[in-house]
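Colleague: Each protein sequence line maps, in turn, to chains A and B. Using our numbering, the letters of the first sequence correspond one by one to residues 135 to 313. Using our numbering, the letters of the second sequence correspond one by one to residues 135 to 313. Can you keep this structure in mind? I'll have questions shortly.
Protein chains: 2
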Amino acid sequence: MALKNKSLYAILGILNVSPGTGYDIKKYCDTVLSGFWNENFGHIYPTLKKMLIDELVEIVESETSEKKIQYQITPKGQMELEAWLMEDSEIQPMRSEFMLKLLFSSNQPKEHVIKMLEDYKQLHVKKLEKYLDMQHDLEQGIEEISEERSRFLKATLRRGVLSCEATIRWCEETIDSGL
Amino acid sequence: MALKNKSLYAILGILNVSPGTGYDIKKYCDTVLSGFWNENFGHIYPTLKKMLIDELVEIVESETSEKKIQYQITPKGQMELEAWLMEDSEIQPMRSEFMLKLLFSSNQPKEHVIKMLEDYKQLHVKKLEKYLDMQHDLEQGIEEISEERSRFLKATLRRGVLSCEATIRWCEETIDSGL
DNA sequence: TGAATTTTATATCAGAGTGATATAGTTGTC
DNA sequence: GACAACTATATCACTCTGATATAAAATTCA
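Right under this line is the structure:
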């Protein structure tokens, strides 16, 4: 099987929640999915065009006809989404520039390495705060989300929290070790 | 600043440890760096060629002249590496296909979602075992690594362990919740 | 010894994904 | 009503991915 365009599935999943423009899709990624999914305009628009040709999405003929293009998922698109949801997930390779830099820093001055770790920790403290805020908002039921979807969103947020906490603990432990 | 080729820094860091071929670099990524760095031949070879032109690396004239090309870092390459090590790291966007799939699975049969989580947990149990083995090997001092480098390698392994443990705990917690 | 298999080694390609930049209408605000 | 901020689409060069092709060297084992 050739290389898969993963953005396609992200777009199907988002449009399956509610129809929207390419811009809306980007906003959804930058907010709801921000903890574990990144998407660029430079990939969203070409992918939407391809999906239109493949009839996975269709254009909603909007009343206020401007230059904005509203998309919605088609039955074919829903089948494609469903098939992907049923597929087994494989382990994905990752790239952490920070960890790479750290490993190659054994000859750097100790104080610089400690500074690196402290900055990295701070980044994750901020990220953790953001997750906790989002968790709080979700608990308050500010957004109009079904009980069902809310439970899944909470699970993803919970993972973000645990992951941040683990990273923060690792930073502290490593700083304390003095390396 | 234009988009940066991160592979270049990975290659500089690896060659700074010891000279080697493109193939050696790939092997190093797949073993030592496997927890946090992925590299492909399709990017290593063209990058090495570019680095040769920019005089960041040079070819070692080897005695056993086959078609294998041995590279070593140049003083200019070491300066480039040093400059990168001193740069602040920024937060990097990520993509977890598993988390994306999970979030969009609120209408899937519960047993399928539980299965997904159990498979994902199992993947991380295996990964954790691998990290613990590597940690053990490092503790035994099997490889010939300097005390200094060994401490940094241990720190990266420790992060892998903590991260896996957090993921496993999250899986268990989420499975138990029944969603 | 020699056949089969695995490992070492380089190279190339199409397509996925990134981030910057250009353009322009619409909305908010001071 | 000027200015800033937001909405919206599009394109570009470049990075990165994973598949595939090729072939020599080393290893297995019959």
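Ideal Cβ positions, reconstructed from N, Cα and C, are used throughout, including at glycine.
In chain A, which residues lie with their C-beta within 8 Å of the C-beta of GLU282 of chain B?
Modeller: To locate residue 282 of chain B, count along the second sequence from 1; it is residue 148. Ordered by position in chain A, the residues that pass the 8 Å Cβ test against GLU282 of chain B are SER240 and ASN241.
Colleague: Assuming VAL191 of chain B is part of the beta strand (DSSP E), what are its boundary residues?
Modeller: Taking the second sequence and counting its residues from 1, one reaches residue 191 of chain B at position 57. From DSSP, the beta strand (DSSP E) with VAL191 of chain B extends over 191-194.
Colleague: Report yes or no: is there a C-beta of chain A within less than 9 Å of the C-beta of GLY301 of chain B?
Modeller: The count along the second sequence starts at 1 and reaches residue 301 of chain B at position 167. It should be pointed out that residue 301 of chain B corresponds to Thr in this sequence rather than to Gly. Closer than 9 Å: yes.
Colleague: Could you please give the first and the last residue of the uninterrupted beta strand (DSSP E) stretch that includes GLN269 of chain B?
Modeller: Against the second sequence, residue 269 of chain B aligns to sequence position 135. It is not in any beta strand (DSSP E) - GLN269 of chain B instead sits in the alpha helix (DSSP H) that spans 244-274.
Colleague: Give the straight-line distance between the Cα atoms of LEU167 of chain B and LEU234 of chain A, rounded to the nearest whole angstrom.
Modeller: Here the question's residue 167 of chain B lines up with position 33 in the second sequence. Here the question's residue 234 of chain A lines up with position 100 in the first sequence. Rounded to whole angstroms, LEU167 of chain B to LEU234 of chain A spans 8 Å at the Cα level.
Colleague: For chain A, check one thing: does any of its Cβ atoms lie closer than 9 Å to the Cβ of ASP267 of chain B?
Modeller: As a working mapping, residue 267 of chain B is identified with position 133 in the second sequence. Chain A contact via Cβ: absent.
Colleague: At the 9 Å Cβ level, is THR155 of chain A part of the contact set with chain B, yes or no?
Modeller: In the first sequence, counting from the first residue as 1, residue 155 of chain A sits at position 21. Answer no: the Cβ-Cβ gap between THR155 of chain A and chain B never drops below 9 Å.
Colleague: Tell me, please, whether the segment 250-265 of chain B touches the segment 281-300 of chain B by the rule of three or more beta-carbon pairs shorter than 8 Å.
Modeller: yes
Colleague: Taking only the alpha-carbon atoms, compute the straight-line gap between LYS160 of chain A and ASN174 of chain A and give it to the nearest angstrom.
Modeller: Here residue 160 of chain A refers to the residue found at position 26 of the first sequence. Here residue 174 of chain A refers to the residue found at position 40 of the first sequence. Rounded to whole angstroms, LYS160 of chain A to ASN174 of chain A spans 7 Å at the Cα level.
Colleague: Does the beta-carbon of ALA144 of chain A have 16 or more other beta-carbons within 10 angstroms, so that it is buried, or is it exposed?
Modeller: In the first sequence, the residue the question calls residue 144 of chain A occupies position 10. The residue in question, ALA144 of chain A, is buried, as its Cβ has 16 or more Cβ neighbours within 10 Å.
Colleague: Put LEU149 of chain B into one of helix, strand or coil per three-state DSSP.
Modeller: The count along the second sequence starts at 1 and reaches residue 149 of chain B at position 15. Residue state, collapsed to three classes: helix.
Colleague: In chain B, which residues lie with their C-beta within 9 Å of the C-beta of GLY147 of chain A?
Modeller: Taking the first sequence and counting its residues from 1, the one referred to as residue 147 of chain A is at position 13. Result: LEU234, LYS235, LEU237 and PHE238.
Colleague: Are the C-beta atoms of ALA217 of chain A and some chain B residue less than 9 Å apart?
Modeller: Along the first sequence, read from residue 1 onward, the residue named residue 217 of chain A stands at position 83. No, because no Cβ of chain B sits closer than 9 Å to the Cβ of ALA217 of chain A.
Colleague: For ALA289 of chain B, is the classification buried or exposed, using 16 other Cβ atoms within 10 angstroms of its Cβ as the cut-off for buried?
Modeller: Counting from one through the second sequence, the residue named residue 289 of chain B turns up at place 155. Buried, since its Cβ has 16 or more Cβ neighbours within 10 Å.
Colleague: With LEU212 of chain B as the anchor, note down where its alpha helix (DSSP H) starts and where it stops.
Modeller: Mapped onto the second sequence, residue 212 of chain B falls at position 78. The residue asked about is misnamed: residue 212 of chain B is Gln in this sequence, not Leu. Counting along the chain, the alpha helix (DSSP H) containing GLN212 of chain B begins and ends at 209-220.
Colleague: Closest to GLU245 of chain A by C-alpha separation, out of A:SER141, A:LEU287, A:THR308 and A:GLY169, would be which residue?
Modeller: Residue mapping note: residue 245 of chain A aligns to position 111 of the first sequence, counting from 1. Selection A:SER141, A:LEU287, A:THR308 and A:GLY169 evaluated against GLU245 of chain A yields A:THR308 as nearest (Cα-Cα).
Colleague: Can you check DSSP and say which residues form a bridge with GLY154 of chain B?
Modeller: The residue labelled residue 154 of chain B in the question sits at position 20 within the second sequence. Answer is B:TYR205.
Colleague: Do you know offhand how far ASP253 of chain B's Cα is from ASN241 of chain B's?
Modeller: Reading the second sequence from its first residue, position 119 is the one you call residue 253 of chain B. Reading the second sequence from its first residue, position 107 is the one you call residue 241 of chain B. In a straight line, the C-alpha of ASP253 of chain B is about 19 Å away from that of ASN241 of chain B.
Colleague: Might you give, ordered along the chain, the residues of its own chain that have their beta carbon closer than 8 Å to the beta carbon of LEU215 of chain B, omitting 5 neighbours on each side?
Modeller: As a first step, residue 215 of chain B must be located in the second sequence, where it is residue number 81. Excluding residues up to 5 positions away in sequence, TYR143, LEU146, GLY147, ASN150 and ILE207 lie with their Cβ nearer than 8 Å to the Cβ of LEU215 of chain B in the same chain.
Colleague: Using the beta-carbon count (16 or more within 10 Å), is GLY211 of chain A buried or exposed?
Modeller: As a working mapping, residue 211 of chain A is identified with position 77 in the first sequence. GLY211 of chain A comes out buried.
Colleague: For LYS138 of chain A, tell me which candidate among A:PRO153, A:TRP304, A:GLU224 and A:SER280 has the shortest Cα-Cα distance.
Modeller: Against the first sequence, residue 138 of chain A aligns to sequence position 4. Comparing Cα-Cα distances from LYS138 of chain A to each of A:PRO153, A:TRP304, A:GLU224 and A:SER280, the minimum goes to A:GLU224.
Colleague: When you compare only the Cα positions, how much space is there between GLU282 of chain A and LEU313 of chain B?
Modeller: Indexing the first sequence from 1 puts residue 282 of chain A at position 148. Indexing the second sequence from 1 puts residue 313 of chain B at position 179. Near 8 Å, if we compare the C-alpha coordinates of LEU313 of chain B and GLU282 of chain A.
Colleague: For MET185 of chain A and GLY275 of chain B, what's the separation of their Cα atoms in angstroms?
Modeller: Taking the first sequence and counting its residues from 1, the one referred to as residue 185 of chain A is at position 51. Taking the second sequence and counting its residues from 1, the one referred to as residue 275 of chain B is at position 141. Cα to Cα, MET185 of chain A sits roughly 54 Å from GLY275 of chain B.
Colleague: Would you say LEU251 of chain A and CYS163 of chain A are within 9 Å of each other, going by their C-beta atoms?
Modeller: Counting from one through the first sequence, the residue named residue 251 of chain A turns up at place 117. Counting from one through the first sequence, the residue named residue 163 of chain A turns up at place 29. No, these two residues do not count as a Cβ contact at 9 Å.
Colleague: Relative to chain B, which residues along the segment 242-259 of chain A have a C-beta separation below 8 Å, given in chain order?
Modeller: GLN242, HIS246, MET250, ASP253, TYR254 and LEU257
Colleague: If we call anything under 9 Å between Cβ atoms a contact, is LYS202 of chain B one with TYR157 of chain B?
Modeller: Sequence index remark: in the second sequence, residue 202 of chain B carries index 68 (1-based). Sequence index remark: in the second sequence, residue 157 of chain B carries index 23 (1-based). Yes, these two residues count as a Cβ contact at 9 Å.
Colleague: Going by C-alpha distance, which of B:GLU192, B:LYS183 and B:LEU236 is nearest ASP222 of chain A?
Modeller: Taking the first residue of the first sequence as 1, we reach residue 222 of chain A at position 88. The shortest Cα separation from ASP222 of chain A among B:GLU192, B:LYS183 and B:LEU236 belongs to B:LEU236.
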